[in-house]
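Chains as they are written, first to last, in our numbering: chain H, 161 to 374; chain L, 5 to 436.
For every residue, glycine included, the Cβ atom is placed at its ideal position computed from N, Cα and C.
One structure is given below, encoded as structure tokens.
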Amino acid sequence: MRVVLAEDLALLRDGLIRLLEAFGLEVVEAVDNGPSLLRALTTHRPDVAVVDVRLPPTFTDEGLKAALEARKRVPGLPVLVLSQHVEQLYARELLSDGSGGLGYLLKDRVSDVAQFVDAVRRVAGGGTALDPDVVAQLLTRHAREEPLRTLTPREREVLGLMAEGRSNAAIAARMFVTEKAVSKHTNSIFGKLGLPRSEDDNRRVLAVLKFLGA
Amino acid sequence: MEEQGNTAGRPAGRAVANLARGMTHIVLAFAVNLPLFILTVLSIVFIPLGVGIVLLPAVVLATRAVANLQRRLAADWSGVRIAEPYRPEPAGAAAPIPRLKWVMGDPATWRDLLWSFLNVPVALVIGVLSAGLLVYGLEGVFVAWWVALLTDYGWGPFWHITDFGAFGFAGTVVLGAVLAVVSVPVGERLLKAHALFGASLLSPTRRALTERVAQLAESRSQTVDASAAELRRIERDLHDGAQARLVALSMNIGLAEEMMKHAPETARRLLAEARESSGTALTELRDLVRGIHPPVLAERGLDGAVQALALSLPMPVDVRIDLPGRAEAPVESAAYFAVAEMLANVVKHSGATRARVRLEHVRGRLVMLVGDDGTGGADPASGGGMRGIERRLAAFDGIMIVSSPPGGPTVVTMELPCALSSPKTSPSSGTD
Chain H
161 MRVVLAEDLA
171 LLRDGLIRLL
181 EAFGLEVVEA
191 VDNGPSLLRA
201 LTTHRPDVAV
211 VDVRLPPTFT
221 DEGLKAALEA
231 RKRVPGLPVL
241 VLSQHVEQLY
251 ARELLSDGSG
261 GLGYLLKDRV
271 SDVAQFVDAV
281 RRVAGGGTAL
291 DPDVVAQLLT
301 RHAREEPLRT
311 LTPREREVLG
321 LMAEGRSNAA
331 IAARMFVTEK
341 AVSKHTNSIF
351 GKLGLPRSED
361 DNRRVLAVLK
371 FLGA
Chain L
5 MEEQGNTAGR
15 PAGRAVANLA
25 RGMTHIVLAF
35 AVNLPLFILT
45 VLSIVFIPLG
55 VGIVLLPAVV
65 LATRAVANLQ
75 RRLAADWSGV
85 RIAEPYRPEP
95 AGAAAPIPRL
105 KWVMGDPATW
115 RDLLWSFLNV
125 PVALVIGVLS
135 AGLLVYGLEG
145 VFVAWWVALL
155 TDYGWGPFWH
165 ITDFGAFGFA
175 GTVVLGAVLA
185 VVSVPVGERL
195 LKAHALFGAS
205 LLSPTRRALT
215 ERVAQLAESR
225 SQTVDASAAE
235 LRRIERDLHD
245 GAQARLVALS
255 MNIGLAEEMM
265 KHAPETARRL
275 LAEARESSGT
285 ALTELRDLVR
295 GIHPPVLAER
305 GLDGAVQALA
315 LSLPMPVDVR
325 IDLPGRAEAP
335 VESAAYFAVA
345 EMLANVVKHS
355 GATRARVRLE
365 HVRGRLVMLV
375 GDDGTGGADP
385 ASGGGMRGIE
395 RRLAAFDGIM
405 IVSSPPGGPT
415 VVTMELPCAL
425 SSPKTSPSSG
435 TD
């Protein structure tokens, strides 16, 4: 799997390269600024890009802007955005084109190496990886409203994990229950929220995020 | 900066400038000062009828705009700097009666009025003198002598040029030339005298300056106290939080290194602990950074940061922002924290189900409004966050007005005087 990496701090860049390569991913180019990132993304067309939000030259949201621009030029280009802080605003911008292959995680999440690499692979496969902090905010925002109030605590937990972008199998493993139990929960959730059921994991995740107004 | 502009340049250019400037003063005096003076007097007369209550503040503010123009002309044309003496608009001065009290209670209003009146004759005399000297001189050089050839023509203090023969003709030209040349420096001095006359009435009085110094000294000492307290808090948070956690973390890793060989299970447990405490340290640092300067404010400015803030609240927030540019970083920061504190109050105390935020730039002021449909009863006098924000805004000459009757709704309006930079050019990927 070919990866383009954008991170301006050398220490973190080298660490991320080592981490990704230890799990058999190939880093085809690692850049340290926004303009080079856009060039690297459009020339290499990698299987996935791992991008820091804040990059030179402006040290604002250069990485995010480059990623959004690259996805405009190469539709569906999978991008995993990393940041020291997560904002609903950025999540919304990233998800606004309604297609998958997107991730938005706190940089802290790299400490759980296996989970992080799983997120990279998921995004490369067209899936979604949304930070638990973002999802928690989305859920509290709507917690008092009608359809969400009717969910059981267990269902709310499943909904959260779904919004993060996890498959039924991953949710089952995480909650120590069978996949069958999970799909019972998801069916019930989709019924209560009035969402169309879908066997496709990615489409299901996007439907949930749209419902939550992300 | 005292003396500038008009002493440089060619004499002809300076002469034309004097002429134009003198005429401008006359036109302003008659076309603007005089009507405004009359309107002011009429407005005062009409106060008992009610019309004046609304009319007077408007006329006074218009007079201030003209006085400000005069201040600028005095600085640009004669190098005379005149500071603005007006008291800042107090909280709640949008309502008619407080507004009337504000403008009538300001001594500068009455000095402006006196200036509006006296400027009419003063500008006339000064303008006519400076223009007349030049025109009369030029007439002597170019016009008088050949008109005198045709008819009986008087120039100078009404002498008939022809009475003096050739000497009369030559004398007219020489005298005219001298007058025209002298009119340049004299005209400049006359204009400066006009500027100084303006300064004598339009500058802050000693008492006003003393008041302003006292006000600034107070807001400065509050700002210094607040920022010292803020630094102490940050130091304590770092010391007891992230720093302590990093110590524990490196201790755990060191221990794990030792245990690796003989007790790998214990080592694994220690490493897991280390990772957990690094996560906590990161969360604490992130919260601390948010409190100092939120990253999204650095990345997106006030507009984006307030939108991001609204999205992160557990209730729908209607956000409307109309800012054609960006304010200075310290102003943006103060504005952001002010809005953030008010929204935090909405979430914590109001029991509201919705909130709204408006940001706009009106007449040189950033106007921020935070409202909710909650139970009301918010009182900045009770101390706490609102009082702190009021102090923080005061450091920028900003104000806060709270309307929160029992039962609600609550509306907090905050204003910060500031200029906006030119429309933002999006610092994006830098390709096109």
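Next on the checklist: Is it buried or exposed, ILE238(L), if we count other Cβ atoms within 10 angstroms and call 16 or more buried?
Outcome noted: ILE238(L) comes out exposed.
Next on the checklist: Given a cut-off of 8 Å on the beta-carbon distance, is the pair GLU419(L) and ILE403(L) in contact?
Outcome noted: yes
Item to check | Straight-line Cα distance separating VAL374(L) from PRO334(L) | outcome: Computed Cα separation, rounded: 20 Å.
Item to check | Contact set between THR300(H) and chain L, taken where Cβ atoms lie within less than 8 Å | outcome: Near THR300(H) (Cβ distances below 8 Å), the residues of chain L are PRO318.
Checklist entry - Measuring CB to CB, does ALA312(L) end up less than 8 Å from GLN244(H)? => result Not closer than 8 Å, so no.
Checklist entry - Regarding PHE171(L) and the ligand MG, is the C-beta to nearest heavy atom distance less than 7 Å? => result The model depicted lacks the ligand MG and carries no ligand whatsoever.
Checklist entry - Is it the case that the Cβ atoms of VAL290(H) and GLU339(H) are separated by a distance below 8 Å? => result Looking at the sequence provided, one finds Leu at residue 290(H) rather than Val. No Cβ-Cβ contact shorter than 8 Å links LEU290(H) with GLU339(H).
Item to check | Nearest residue (CA-CA) to MET161(H), options GLN275(H), GLU181(H), ALA333(H), ASP221(H) | outcome: GLU181(H)
Checklist entry - In the structure shown, what three-state DSSP assignment does ALA16(L) receive? => result helix
Checklist entry - Leaving out five residues before and five after THR218(H) in sequence, what residues of the same chain have Cβ atoms less than 8 Å from its Cβ? => result The residues are GLY194.
Checklist entry - Taking the Cβ atom as the reference point for each residue, do ALA212(L) and PRO89(L) lie within a distance shorter than 8 Å? => result A contact, by the Cβ cut-off of 8 Å.
Next on the checklist: Residues of chain L with CB closer than 7 Å to the CB of GLN297(H), please, in chain order.
Outcome noted: Chain order gives the chain L residues near GLN297(H) as SER316, where near means a beta carbon separation below 7 Å.
Checklist entry - Do we get a CB-CB distance below 8 Å when we pair LEU171(H) with the residues of chain L? => result no
Item to check | VAL351(L) - containing alpha helix (DSSP H), residue span | outcome: No alpha helix (DSSP H) contains VAL351(L), which DSSP labels as neither H nor E.
Checklist entry - If you draw a straight line from the alpha carbon of ALA87(L) to that of VAL129(L), how long is it in whole angstroms? => result 25 Å
Next on the checklist: Within a Cβ cutoff of 7 Å, which residues of the same chain sit near LEU104(L), ignoring the five residues on either side of it in sequence?
Outcome noted: ILE57, LEU60, PRO61
Checklist entry - Whose C-beta lies closer than 6 Å to the C-beta of ALA260(L) among residues of the same chain, with five residues either side of it excluded? => result ALA271, LEU274, LEU275
Checklist entry - With a Cβ-Cβ cutoff of 8 Å, do VAL64(L) and THR113(L) count as a contact? => result yes
Next on the checklist: Rounded to the nearest angstrom, what separates TYR264(H) and PRO111(L) at their Cα positions?
Outcome noted: 60 Å
Item to check | Backbone CA spacing between ASP293(H) and VAL246(H) [nearest angstrom] | outcome: Using only the alpha carbons, I get a separation of about 7 Å.
Item to check | Chain-ordered residues of the region 264–292 of chain L with a beta carbon less than 7 Å from chain H | outcome: ARG279, SER282, GLY283, LEU286, ARG290
Item to check | Short CB-CB distance (under 8 Å) between ALA348(L) and chain H | outcome: It does not: the Cβ of ALA348(L) has no partner Cβ on chain H nearer than 8 Å.
Next on the checklist: Please state the DSSP three-state secondary structure of ILE51(L).
Outcome noted: Three-state result, ILE51(L): helix.
Item to check | Contact set between GLN244(H) and chain L, taken where Cβ atoms lie within less than 9 Å | outcome: LEU286, LEU289, ARG290, VAL293, PRO299
Next on the checklist: So, for THR44(L): in the same chain, excluding its five sequence neighbours on each side, which residues have a beta-carbon less than 8 Å away from its beta-carbon?
Outcome noted: LEU60, VAL63, VAL64, THR67, LEU117, SER120
Checklist entry - Mind listing which residues of the region 235–266 of chain H have their C-beta closer than 9 Å to chain L's C-betas, in chain order? => result SER243, GLN244, HIS245, GLU247, GLN248, LEU249, TYR250, ALA251, ARG252, LEU266
Checklist entry - Got a sec: is the Cβ-Cβ distance from GLN247(L) to anything in chain H below 8 Å? => result no
Checklist entry - Helix, strand or coil: which one does DSSP assign to SER407(L)? => result Three-state result, SER407(L): strand.
Next on the checklist: Please report whether the beta-carbon of GLY329(L) lies at a distance below 8 Å from any beta-carbon of chain H.
Outcome noted: No, GLY329(L) lies away from the interface with chain H (no Cβ there is under 8 Å from its Cβ).
Next on the checklist: Output needed in chain order: residues of the region 344–377 of chain L with a Cβ under 7 Å from some Cβ in chain H.
Outcome noted: Of all residues in the region 344–377 of chain L, none is placed with a Cβ closer than 7 Å to any Cβ belonging to chain H.
Checklist entry - Would you report the Cα separation of TRP150(L) and GLY144(L), rounded to the nearest angstrom? => result 10 Å
Checklist entry - Which runs of the alpha helix (DSSP H) spanning at least 4 residues fall entirely within the region 248–288 of chain L, listed in chain order? => result 248–263
Checklist entry - Does DSSP classify THR44(L) as helix, strand or coil? => result Secondary structure of THR44(L) (DSSP, three-state): helix.
Item to check | Three-state class that DSSP yields for HIS198(L) in the structure shown | outcome: Correct three-state label for HIS198(L): helix.
Next on the checklist: I want to see whether chain L comes within less than 8 Å of ASP168(H), judged by CB atoms only; does it?
Outcome noted: no
Item to check | Pairwise C-alpha distance: ARG395(L) and GLN226(L) | outcome: 7 Å
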